[in-house]
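Please read the structure below before turning to the comments.
Protein chains: 2
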Amino acid sequence: MHPKFTITKTTAHGRLGKIETAHGTIETPAFVFCATKGALKAQWPNMAREAGTQIILSNTYHLLVHPGSKLIHELGGLQKITGWSGPMMSDSGGYQIFSFGYGSVSSELKGKNKDQERSKITQARLKITEEGAKFRSYKNGSTIFLTPEVAMQSQIDFGVDLAFVLDECTAFNIERNKTEKSMHRSHRWATRSLEYFNKYKKPHQGAYSIIQGGVYKDLRIISTKFAAEADSFGIGIGGSMGENIHDMEEILKIIHKNNDATHKPIHLLGIGTIDAILMAVKYGIDTFDCVYPTRLARHGGALIKPHYNTIINSNKTRQSNTIEIKDNTNSASANTRRHYLNLRNAIYEKDNNPIDISCNCCTCATFSRAYIHMLLKADETLAIMALTQHNIAFMNRLMSGIRKALSEDTFEEFKNAWA
Amino acid sequence: MHPKFTITKTTAHGRLGKIETAHGTIETPAFVFCATKGALKAQWPNMAREAGTQIILSNTYHLLVHPGSKLIHELGGLQKITGWSGPMMSDSGGYQIFSFGYGSVSSELKGKNKDQERSKITQARLKITEEGAKFRSYKNGSTIFLTPEVAMQSQIDFGVDLAFVLDECTAFNIERNKTEKSMHRSHRWATRSLEYFNKYKKPHQGAYSIIQGGVYKDLRIISTKFAAEADSFGIGIGGSMGENIHDMEEILKIIHKNNDATHKPIHLLGIGTIDAILMAVKYGIDTFDCVYPTRLARHGGALIKPHYNTIINSNKTRQSNTIEIKDNTNSASANTRRHYLNLRNAIYEKDNNPIDISCNCCTCATFSRAYIHMLLKADETLAIMALTQHNIAFMNRLMSGIRKALSEDTFEEFKNAWA
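Chains as they are written, first to last, in our numbering: chain P, 142 to 560; chain Z, 142 to 560.
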């Protein structure tokens with residue numbers, strides 16, 4: 142069965158739809174969780190499913206480094222080996238060309254030193270030509286030549302339902318001239334990617350072209366038209382979209398306005414903070430992927446609605462009243478409102494409340510904030526497992542809330558409740 | 142409800158029984174899994190239950206260091222905060238006096254360097270007097286004075302069903318004279334422990350006295366008589382039992398022969414390799430605790446029956462035929478047969494079999510050896526979670542097999558099948 146996208150409702154605030162795949166249906170707008178190296182971090186696949194997860198995404202680059210796409214194919218493909226039998230996406234490795242080449246600017250909570258270190262190691266060795274990108278494996282030093290054809294064959298081998306063309310991302314401070322050249326190369330790579338993919342893909346697979354063009358609106362228009370016309374199942378939006386959520390919104394507006402292929406599903410690559418999602422659905426974004434909820438969990442962060450603490454504190458403990466001030470963890474970005482508790486903070490030492498009393502995930506049904514705090518301080522893996530489960534359930538609840546609000550024409554109110 | 146022990150069958154090969162507690166019944170012989178710092182490592186409590194776990198054990202020493210017994214009491218006790226609502230045991234901290242004072246000789250797979258380092262730090266600071274043992278906390282440097290009364294109050298605070306008196310363990314190479322002195326101190330501590338405990342305990346709690354005496358048989362006889370006469374619910378067997386399983390068997394024989402309190406449940410402290418269990422049930426041991434199955438999981442080890450590979454290889458893949466030779470992980474001890482696969486080994490790279498085709502745990506139902514190998518190589522937490530789940534299920538299957546065999550008078554055959 143080919144993947145099939147159906148728009149079930151279009152509103153001024155966003156659209157509802159479903160992506161049917163051989164491995165199940167994704168109700169959109171949907172969040173795609175990152176199983177970077179072929180596994181959700183610290184999470185059983187069946188528990189991810191119980192927490193409402195519809196689809197997960199693995200990274201071609203990481204899987205090429207280890208264990209290689211041929212082995213995954215030989216073992217039966219990602220969906221067989223991972224125990225995740227639902228829909229899967231993979232990216233193409235393009236983001237890693239960017240991230241390892243230029244250093245990451247995208248993510249607030251990433252292990253920056255590690256990235257920078259890797260960047261240093263790989264930067265000197267990274268060689269991008271018209272043919273593709275040549276790396277040294279960070280695992281064993283062997284050379285990996287990631288061409289459009291290799292990227293697509295790898296994703297075919299993985300057996301994923303939804304794949305992405307190979308692209309080159311650019312940093313947000315790259316000048317117009319370089320961004321334009323890079324965009325055109327990405328287009329040529331996209332053409333090669335789709336030619337190869339459409340020839341050799343498995344019947345159940347579909348690919349996304351990718352809109353590049355960085356922060357330059359005229360380039361984004363050119364790239365939108367290119368991606369819309371490409372022989373692809375869906376459209377991805379990649380590359381830098383500026384320094385903050387307002388820059389991002391301006392770019393999404395332009396893309397939305399200039400996209401003639403509204404029948405294709407649109408995926409926003411690597412973006413998944415709550416504010417960004419609530420902003421972006423308006424511009425027809427159907428799916429989002431981001432390491433944010435699972436990475437935040439590994440740093441001791443538990444997602445909550447803004448002002449949730451203030452609300453529950455009025456009739457519960459006063460203990461956690463002051464988190465917005467006392468909590469020193471960097472917020473997701475200067476422009477992003479705070480949507481999490483840092484459970485490493487000593488103020489949770491005696492907080493016997495669950496993370497969120499209204500949450501029906503098994504973490505909130507089982508553990509208190511005080512216990513998770515205690516486990517975090519003791520370096521117990523269970524803390525990360527519990528926070529991961531909660532954050533996944535939280536994001537899925539957010540997305541189902543968005544779908545419900547779009548369905549009932551109450552999106553504006555829904556969004557305001559999160560402000 | 143007081144804990145209650147009932148022997149349901151006594152045979153020449155061991156005995157069957159049940160320990161009824163306010164939190165549920167433990168069918169014996171049973172394995173007690175270690176939740177050292179108040180959590181099973183890398184394991185959801187409900188999944189431990191699903192894998193057949195009856196009872197878990199936390200460590201007084203570690204919980205005193207962090208977060209303290211008062212806080213645990215204030216939060217509602219271990220069974221409330223951990224989400225493990227079944228029966229719980231705690232040890233008294235005595236083993237840590239031994240381990241941090243002398244360095245550990247007990248466990249093959251422990252992180253020895255870390256222990257040795259801690260031992261160095263704490264050794265100079267460790268001061269044992271008649272009153273108790275004084276440590277510095279490895280967490281914040283504060284002084285902890287572990288007396289029999291503190292050990293028992295802590296365990297009362299934890300709310301566990303089954304507690305242990307404070308004792309002092311000795312290393313296996315300690316001379317008779319010192320062992321004897323230490324044993325008598327342990328007896329005096331036991332008397333103080335039980336006096337305190339029986340006065341202040343919660344109604345549902347019961348305590349175990351502990352047999353010491355090291356490798357000296359005459360001392361073991363004296364200590365057995367002491368422990369049998371003590372005003373305790375159960376009897377624990379602690380301290381060094383020699384260099385190998387044969388030494389251990391000799392000591393268990395002596396204890397078995399000289400124990401007049403056969404109506405009390407007997408716990409073998411810190412021993413839980415498969416060979417030791419299969420040997421020890423004969424001597425009336427009802428419960429065993431050990432970090433072995435969960436620690437082995439964290440090192441990439443998957444428990445299997447001996448010769449399992451040879452059996453399945455005859456009609457399945459030849460791939461893993463050679464593990465007994467190729468696998469370089471230290472075996473549990475020179476005297477112990479090999480009961481696990483080291484899934485870090487490259488021979489599992491393409492092994493699409495589950496760990497054990499006959500195992501009904503969710504790891505074996507979901508993941509192949511090849512996938513777990515891939516995850517171990519990628520440092521994915523899911524590998525440890527999966528192996529922990531399997532090893533817990535494995536140990537529980539072993540114990541229920543032992544119970545069934547005792548019940549059906551087929552223990553000899555059962556044991557031979559494991560040889």
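Every residue, glycine too, gets a C-beta built ideally from N, C-alpha and C.
Nearest-angstrom Cβ-Cβ length linking residue i and residue j, presumed shorter than 8 Å
{"i": "threonine 311/Z", "j": "serine 323/Z", "result": "5 Å"}
{"i": "proline 407/P", "j": "glycine 383/P", "result": "Before going on, a small fix: residue 407/P reads as isoleucine here, not proline. Between glycine 383/P and isoleucine 407/P the Cβ distance is about 18 Å, and since that is not below 8 Å, they are no contact."}
{"i": "threonine 435/Z", "j": "leucine 181/Z", "result": "7 Å"}
{"i": "cysteine 595/Z", "j": "phenylalanine 535/Z", "result": "Absent from the structure is residue 595/Z, since the part of chain Z shown begins at 142 and ends at 560."}
{"i": "isoleucine 376/Z", "j": "alanine 368/Z", "result": "5 Å"}
{"i": "isoleucine 396/Z", "j": "glycine 379/Z", "result": "The Cβ separation is near 11 Å, so there is no contact."}
{"i": "threonine 428/P", "j": "alanine 171/P", "result": "5 Å"}
{"i": "histidine 164/P", "j": "methionine 229/P", "result": "7 Å"}
Chain Z residues whose Cβ lies nearer than 8 Å to that of residue i
{"i": "serine 509/P", "result": "Leu216, Ile222"}
{"i": "alanine 183/P", "result": "Thr522, Leu523, Met526"}
N- and C-terminal bounds of the alpha helix (DSSP H) containing residue i
{"i": "arginine 277/P", "result": "Taken as a continuous stretch (DSSP letters only), arginine 277/P belongs to no alpha helix (DSSP H), being part of the beta strand (DSSP E) at 274-277."}
{"i": "glycine 347/Z", "result": "Here glycine 347/Z belongs to no alpha helix (DSSP H); instead the beta strand (DSSP E) covers 347-352."}
{"i": "glutamate 553/P", "result": "552-558"}
{"i": "leucine 482/Z", "result": "Taken as a continuous stretch (DSSP letters only), leucine 482/Z belongs to no alpha helix (DSSP H), being part of the beta strand (DSSP E) at 481-483."}
{"i": "alanine 304/P", "result": "From DSSP, alanine 304/P is part of no alpha helix (DSSP H) but of the beta strand (DSSP E) over 303-305."}
{"i": "phenylalanine 374/Z", "result": "First-last for phenylalanine 374/Z: undefined, no H or E at that position."}
{"i": "glutamate 191/Z", "result": "186-191"}
Extent of the continuous beta strand (DSSP E) to which residue i belongs
{"i": "cysteine 431/Z", "result": "428-431"}
{"i": "threonine 162/P", "result": "155-162"}
{"i": "isoleucine 407/P", "result": "407-409"}
{"i": "methionine 382/P", "result": "First-last for methionine 382/P: undefined, no H or E at that position."}
{"i": "alanine 443/P", "result": "442-444"}
{"i": "phenylalanine 286/Z", "result": "284-287"}
{"i": "serine 231/P", "result": "229-231"}
Interface partners of residue i on chain Z, CB under 9 Å
{"i": "glycine 179/P", "result": "Tyr512, Met515, Leu516, Ala519, Glu521"}
Under the three-state DSSP convention, the category residue i falls into
{"i": "isoleucine 395/Z", "result": "helix"}
{"i": "serine 199/Z", "result": "strand"}
{"i": "threonine 435/P", "result": "helix"}
{"i": "valine 173/P", "result": "strand"}
{"i": "threonine 507/Z", "result": "helix"}
{"i": "arginine 151/P", "result": "For the sequence presented, residue 151/P should be read as threonine rather than arginine. If DSSP states are grouped into helix, strand and coil, threonine 151/P belongs with the strands."}
{"i": "leucine 523/P", "result": "helix"}
{"i": "lysine 423/Z", "result": "helix"}
{"i": "lysine 268/Z", "result": "strand"}
{"i": "serine 499/Z", "result": "coil"}
{"i": "alanine 180/Z", "result": "coil"}
{"i": "leucine 216/Z", "result": "coil"}
{"i": "serine 541/P", "result": "helix"}
{"i": "phenylalanine 299/P", "result": "helix"}
{"i": "isoleucine 513/P", "result": "helix"}
{"i": "methionine 142/P", "result": "coil"}
{"i": "isoleucine 412/P", "result": "coil"}
{"i": "glutamate 336/Z", "result": "helix"}
{"i": "isoleucine 315/Z", "result": "coil"}
{"i": "asparagine 476/P", "result": "Below a pLDDT of 50, predicted positions are generally treated as unreliable, and asparagine 476/P, at 39, falls in that range; the measurement from the model is reported next regardless. In the structure shown, asparagine 476/P sits in coil (DSSP, three-state: anything other than H, G, I, E or B)."}
{"i": "threonine 403/Z", "result": "coil"}
{"i": "glycine 235/Z", "result": "helix"}
{"i": "phenylalanine 223/P", "result": "The amino acid at residue 223/P is misidentified as phenylalanine; the sequence shows threonine. Reduced to three states, the DSSP call for threonine 223/P is coil."}
{"i": "glutamate 168/P", "result": "strand"}
{"i": "glutamate 249/Z", "result": "Note that glutamate 249/Z scores a pLDDT of 31, beneath 50, so its modelled location is shaky; the value from the coordinates is reported in the next line. In the structure shown, glutamate 249/Z sits in coil (DSSP, three-state: anything other than H, G, I, E or B)."}
Listed by chain order, chain P residues near residue i by CB distance under 8 Å
{"i": "isoleucine 525/Z", "result": "Thr522"}
What are the residues of the region 204-220 of chain Z that lie near chain P, defined by any Cβ-Cβ distance shorter than 8 Å? So the close ones are His207, Pro208, Leu212, Glu215, Leu216, Gly217.
Using a Cβ-Cβ cut-off of less than 9 Å, list which residues of the region 477-500 of chain Z approach chain P; keep chain order. The region 477-500 of chain Z vs chain P, Cβ under 9 Å: Glu490, Lys491, Asn493.
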